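Residue 257, in the numbering used here, is where the sequence shown stops; the numbers in between run on with no holes. Beta carbons are placed, not taken as given, at the ideal position from N, Cα and C, and that holds for glycine. All values derive from a computational prediction rather than experimental measurement. Okay, so here's the structure we're looking at.
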Amino acid sequence: QFIRVSTDAKIVRMEDCNLQGTSHDKDDKIEQEVIRLVKKFGAGKEARYAKEVSLCGNKFETEFAKKIIEAAYWERIRHPDKDNMPKLRLDLRRNRIRAPDRVID
């Protein structure tokens, strides 16, 4: 929660933390917090976005990885300045993602 409260956060690294996620379970607090990392912090003119989120070396599975990627995409595609949308470097290496080349269709 500290990361979301601190709207100045630009880089978030939660590597080798033994975090796991299998699907988008709304009752799983860890999954919800991880997905929030790729969304905007704050609202209106005060909204900020992380530029880098590294979740490598955890236990995220394919479906959850898709949910993280989808959340990041939809949050950024709605940005009002289409010529200057916030970019995100998302690192999901060393997780339990099967056929990573097919995660994004």
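Measuring alpha carbon to alpha carbon, tell me which of the options ends up nearest residue i.
| i | options | result |
| --- | --- | --- |
| Leu244 | Lys234, Met166, Lys197, Pro238 | Met166 |
| Ala199 | Arg230, Ile187, Asp253 | Arg230 |
| Val186 | Met237, Cys169, Ala195 | Cys169 |
| Asp257 | Val205, Ile221, Gly194, Val190 | Ile221 |
| Gln184 | Ala223, Lys162, Gly196 | Ala223 |
| Lys197 | Asp179, Pro252, Pro232 | Pro232 |
| Val164 | Lys181, Gly173, Ile182, Val190 | Val190 |
Please tell me whether residue i and residue j are closer than 8 Å, where the distance is taken between their beta carbons.
| i | j | result |
| --- | --- | --- |
| Arg246 | Gly209 | yes |
| Glu227 | Lys178 | no |
| Ala202 | Lys162 | yes |
By the 10 Å Cβ neighbour count, where 16 or more other Cβ atoms means buried, how is residue i classified, buried or exposed?
| i | result |
| --- | --- |
| Tyr225 | exposed |
| Ala217 | buried |
Who are the Cβ neighbours of residue i in its own chain at under 8 Å, not counting the five residues just before and after it?
| i | result |
| --- | --- |
| Asp160 | Arg200 |
Between residue i and residue j, what straight-line distance do the alpha-carbon atoms span, to the nearest angstrom?
| i | j | result |
| --- | --- | --- |
| Leu240 | Leu171 | 20 Å |
| Ser175 | Lys219 | 7 Å |
| Ser206 | Met237 | 20 Å |
| Glu94 | Leu242 | One cannot answer for residue 94 here, as it falls past the ends of the chain, which runs 153 to 257. |
| Lys181 | Arg254 | 27 Å |
| Lys211 | Arg188 | 18 Å |
Less than 6 Å between C-beta atoms, sequence neighbours within five positions excluded: which residues of the same chain meet that for residue i?
| i | result |
| --- | --- |
| Glu213 | Thr174, Arg248 |
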